Amino acid sequence: MSSSQQQQQPLNPSDNNNEDDDNNNEDGRDNNNEDGDEAEENSNFQKKKRQKTSDVWKDLKEITLPNGTLKAECIHCKTKLAILESKATSHMKRHLKNCAQKKLYMKQQQRINFQPSSFCETAMVAPALTDGKFDMGKMRKAAANWVLMHEHPFTVVEEEGFNIMQKTGMPEWEKISRNTLKNDCVSVYESEKKKLKAMLKNVNKISLTTDMWKLGNQKIEYMVITCHFVDSEWKLQKRVINFVHLPPPLRGIDIADGIYKCLKEWGIENKIYTISVDNAVKNDVALRNLKDTFSRNKKLICGGKLFHVRCTTHILNLMVQDGIGKIKHVIQDIRDSVSFLNQSEGRLILFSEIAQQMQVPQRKLILDCKTRWNTTFLMLSTAIKFKDVFPRFQEREPNYYCCPSAEDWLKAEKVCELLEVFCLLENDINCINQMFCLFRRRNRLNFYFPIVDKR
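Every number in the working numbering is 124 more than the matching position in the sequence shown, counting from 1.
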């Protein structure tokens, strides 16, 4: 072997292996770098924005202006506030403290929160997969709760797409029919009814509210009964305990029999405190009959003087409806005008263009519900802001014949001033109800109404 060949040979047989290892290490480092870059890219893509912790963001939302600037917009008055780089929110708190629209909103939202009772919070369906075994029975119960919660039709479980989705996530899923689902829903109802019955056994005083509801197309009348009570945790609860069809002719005695039958079924006929109803003659007859029935067990508070409660909001509604009836032709013209605009997108665009030309602030027109005077007030107060736009719209729309006159708008403005007072009165009534429940929760009614508790 020549000396040149000896020089070309590696000095150590392991050198070849080292070179191969170096190459493999370089390839591995490259692959690791690529995997690291990909992982970093995925982590950046999946990175979530830090959640805002300040309470001001309950009344503010972050928006982006056309020029790309971030602003905080008040959800009440639409005022845009600066978002500082230091993330300070002191100026936002000052704005919310003085925001008139927020104060009005908070005044209107003074309602009693009906929080769920403890048994409802724990009435969750158990997981279908336990100890590695799939339980189809639990899935059927979960499906029944899902259908009842969101009011889906029973046929939803027979749809092909639904079963494909369930089979993909749970290979052990078995297709169920609408009749099976209906029976499962009835079983869930009976189970919840037993829980509520057990809960009502520990309640001493229960108040009822009842009302009649007529199905317009079929002319069938239904009666709904709701019970109100304070649970063991001093939380005000309400539950619908009956929704039943009452056959004609509907008399006061029929209403009384329907209510008593419902109370007997639930076992609370001796726990009734008050019953609130609308001001109707047949309701007076029904309550008179029930009062006579319940008086025999001598458990009515104050000898039954508090038993019949007339709905305050219904009395208020009768007063307002009688007042606005004096200008019903004006209200009808405004209602027809709003309805005429909402029937066509082109009319709304034309109306909006006229409003922009006249520099009238944009606001959506509201169509009222004839039986709810507060929605009529909202419709009138909103339409009045566009009273100068309607005549110009009439000039451009030949089929618009119900435009109110200047005198009609003047009458509507005067009525709105009165309706605003009734709105404040209704809010005050709700505030009184909230204060009453607050005192009751703190056991202070024993001081203010000793006679009631003694009896």
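Every residue gets a Cβ at the ideal spot worked out from N, C-alpha and C, and that includes glycine.
Just so you know, these numbers come straight off a predicted model, no measurement behind them.
{"query": "Pick from Trp297, Phe501, Glu296, Phe278 that is closest to Asn307, judged by C-alpha positions", "result": "Phe278"}
{"query": "Exposure of Glu165, with buried meaning 16 or more beta-carbon neighbours within 10 Å", "result": "Reliability fails at Glu165, whose pLDDT of 46 lies under 50, so the model's placement of it is uncertain and no value is given."}
{"query": "Selected residue, minimal CA-CA separation from Met330, among Glu537, Ser400, Ala212", "result": "In the sequence on display, residue 330 carries Ile and not Met. It is Ser400."}
{"query": "Coil, strand or helix - Val354 by DSSP", "result": "strand"}
{"query": "Beta-carbon separation (whole angstroms), Lys395 vs Val327, contact threshold 8 Å", "result": "7 Å"}
{"query": "Proximity of Ala267 and Cys309 at Cβ, strictly below 7 Å", "result": "no"}
{"query": "Ile330 - DSSP class collapsed to helix/strand/coil", "result": "strand"}
{"query": "6 Å CB neighbourhood of Asn407 in its chain, flanking five on each side removed", "result": "Val401"}
{"query": "C-alpha gap between Lys524 and Asp457, whole angstroms", "result": "As written in the sequence, residue 524 is Tyr, which differs from the Lys given in the question. Near 11 Å, if we compare the C-alpha coordinates of Asp457 and Tyr524."}
{"query": "Under the three-state DSSP convention, the category Trp497 falls into", "result": "helix"}
{"query": "Whole-number beta carbon distance between Asp183 and Ile199, since they are thought to touch under 8 Å", "result": "6 Å"}
{"query": "Option nearest Arg375 by Cα separation, candidates Ser356, Glu345, His453, Glu209", "result": "Glu345"}
{"query": "Proximal residues to Met503 (C-beta, below 6 Å), its chain only, five neighbours per side dropped", "result": "Ile490, Asp492"}
{"query": "Contacting residues, own chain, Cβ-Cβ under 6 Å from Arg459 (five flanking each side not counted)", "result": "none"}
{"query": "Exposed unless 16 or more other CB atoms sit within 10 angstroms - verdict on Gly382", "result": "buried"}
{"query": "Whole-Å CB distance - Ala536 paired with Ile508, under 8 Å assumed", "result": "6 Å"}
{"query": "Beta-bridge partners of Gln361, as assigned by DSSP", "result": "Phe353"}
{"query": "Simplified DSSP state of Ala196, which is helix, strand or coil", "result": "strand"}
{"query": "Where Ser400 sits in the DSSP three-state scheme", "result": "strand"}
{"query": "The ligand FMN heavy atom lying under 6 Å from the CB of Ile300", "result": "For the ligand FMN, the structure offers nothing, since it holds no ligand at all."}
{"query": "Whole-angstrom distance between Leu442 and Pro240, CA atom to CA atom", "result": "Only weak support is given to the placement of Pro240: the predicted model assigns it a pLDDT of 44, under 50, and the question is left unresolved by the model."}
{"query": "Contact check, Ile379 vs Ile365, beta carbons under 7 Å", "result": "no"}
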